[in-house]
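The structure under discussion appears below in the form of structure tokens.
Protein chains: 2
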Amino acid sequence: MLDLAILGLLQESPMHGYELRKQLSTKLGTIRAAISYGSLYPTLRRLQTAGWIAEAGETPADDEAVPPLTSRRGRVVYKITAEGKERFQDLLAQVGPEAYEDAAFGVHFAFFARTDVEVRLRILEGRRRKIEERREGFRDVLGRAAERLDAYTLELQKHGLEAADREVRWLEELIANERKNSQNPPADNPWRP
Amino acid sequence: MLDLAILGLLQESPMHGYELRKQLSTKLGTIRAAISYGSLYPTLRRLQTAGWIAEAGETPADDEAVPPLTSRRGRVVYKITAEGKERFQDLLAQVGPEAYEDAAFGVHFAFFARTDVEVRLRILEGRRRKIEERREGFRDVLGRAAERLDAYTLELQKHGLEAADREVRWLEELIANERKNSQNPPADNPWRP
DNA sequence: TAACGATGTATCGAGCCGATACATCGCGCT
DNA sequence: AGCGCGATGTATCGGCTCGATACATCGTTA
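Chains C and R, in that order, give the protein sequences. The numbering used here numbers the first residue of the first sequence as 1 and each following residue consecutively. The numbering used here numbers the first residue of the second sequence as 194 and each following residue consecutively.
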């Protein structure tokens, strides 16, 4: 899940850890909050071991000795490898039920511009079903057990129901748009690097 | 965080793990999804070791031998202890910055009916500040960097902004209500067991 | 009575987070 | 010049949590 996100970002341009984290935070909106370094760095090492990414060297220039003193660790820039790009495409295409969860959905959605239309539709519809179920859960509680709940729990349920409802409508718009655009030529796939 | 939730529920009535999980899921609305058994059972044991909760026995009745055969594990009902009730009150009152995070906020909110007004206000206002910051983050991205983003990322940001905006308004309503009710006698603290 | 789904307890590996430590860089203040 | 301070940057550790899995019992229905 983090794998997909990192590979996707590195595909746009080489980057080091800190930058990666920042881009992730903004790109993923509410759904996925911020990624922590305790997850990021181990993942980077795992990806490097697997061969999906490699260090990019940051122009070593012409020094005689390697580090003069004070170990000098400096920033580590990573770039994606050819195998990494394949892996990215695989991850993009293979959509299991976990892709509808909050976090994973956010990541998948963030790279929709590089995803096939059919896959996009599959994900959006799966997500919609999931949120619809959540919405029905709220409805049930409010309908069947409202009198047994205190005022605050009730308020929380009402707010949850409304949020779910909005999200379903949002997804519906997106789905309708995909269908329309897949009829006549999509004109463009607006992704600006 | 799970501690608070479990102690709170057990205060309403003794319960076993499975039931605990169900109640949690519905009571906590969207904010906190479902709690997994991999978290629940270890936590229960920890709480029991600490002395906050104890097994309630489930009416052992009058059997001569303990388990006839087939180890017969059966359901384990837990009840809260006196120390546990103290602990619950402590956890309710001590509101650090972590109480404004999604998960913790949901749990705290779920037990607002048994929380002091000042504490309720502190939590609601802290939460509002947090969501306001999140909202500003979305605004910044949409204002400053909109032209550099692809259509889907843009859409995600817009949806995030709208959701954050709604939540701020919701919190504002709740805060206004608290203030109003803390002026004249609250009339009642509607919590039905 | 046999099958099946809901109920129920429990563990394991892996992922992820928050806190923490440490180092460097650029900037402004005095 | 010197000093501090916040942003940038890499890295680890303990602990919590999740998803998957296993296993057992109960009630209902075919």
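Idealized CB from N, CA, C, for every residue including glycine.
- In the displayed model, C:V168 falls within a helix according to three-state DSSP.
- The beta-carbon separation of C:F111 and C:L92, rounded to 6 Å, stays under the 8 Å limit for a contact.
- One Cα belongs to R:R320, the other to R:E326, and the distance between them is close to 10 Å.
- The beta carbons of C:F138 and C:L171 sit no closer together than 8 Å.
- Contact holds between the region 81 to 100 of chain C and the region 4 to 16 of chain C, because three or more Cβ pairs, one in each stretch, are under 8 Å apart.
- In the pairwise beta carbon analysis, the region 13 to 30 of chain C is classified as touching the region 333 to 350 of chain R: at least three pairs are separated by under 8 Å.
- When the beta-carbon positions are compared, R:I324 and R:V361 come within less than 8 Å of each other.
- The three-state secondary structure of C:V141, taken from DSSP, is helix.
- Counting only the Cα atoms, R:D309 lies some 40 Å from C:Q23.
- Here R:G210 is near R:L237, since their CB atoms are less than 8 Å apart.
- Looking from the CA of C:L121, the closest CA among C:I35, C:N177, C:A145 and C:E12 belongs to C:N177.
- Within 10 angstroms of the beta-carbon of R:A227 lie fewer than 16 other beta-carbons, which makes it exposed.
- In this structure, C:A104 lies away from C:V77, with their beta-carbon atoms at least 8 Å apart.
- The three-state secondary structure of C:A146, taken from DSSP, is helix.
- Taking 8 Å as the threshold, the shortest C-beta distance from C:W170 to chain R falls below it.
- With 16 or more other Cβ atoms inside 10 Å of its own Cβ, R:R328 counts as buried.
- Interface criterion not met: the Cβ of R:Y293 is under 8 Å from no Cβ in chain C.
- The beta-carbon of C:V141 is placed less than 8 Å from the nearest beta-carbon of chain R.
- Neighbours of R:T346 in chain C, taken as residues at a C-beta separation under 7 Å, are given in chain order as K27 and A110.
- Less than 8 Å separates the beta-carbon of R:L233 from that of R:L213.
- For R:A357, the number of other beta carbons within 10 angstroms of its own is at least 16, and it is reported as buried.
- Chain R has no Cβ within less than 8 Å of the Cβ of C:A103.
- Using a Cβ-Cβ cut-off of 8 Å, C:H16 does not count as an interface residue toward chain R, since no Cβ of chain R sits closer than that to its own.
- Looking only at C:E173, C:I175, C:Y100 and C:L149, the smallest Cα-Cα distance to R:E205 is reached by C:L149.
- When Cβ-Cβ separations below 8 Å define contact, C:L40 makes no contact with chain R.
- For C:I35, there is no enclosing alpha helix (DSSP H), as DSSP marks it with neither H nor E.
- Against chain C, the CB of R:A339 has no partner CB under 8 Å away; the residue lies outside that interface.
- Apart from sequence neighbours up to five positions away, the residues of its chain that approach C:L174 with a beta-carbon distance below 8 Å are L124, ordered along the chain.
- Around the beta carbon of C:A50, fewer than 16 other beta carbons sit within 10 angstroms, so the residue counts as exposed.
- R:V270 has R:H209 as its beta-bridge partners, per DSSP.
- With a threshold of 16 other beta carbon atoms within 10 Å, R:G267 falls short and is exposed.
- For the set C:G38, C:D102 and C:R114, the Cα lying nearest the Cα of C:R129 is the one of C:D102.
- When beta bridges are read from the DSSP output, R:A247 appears opposite R:K272.
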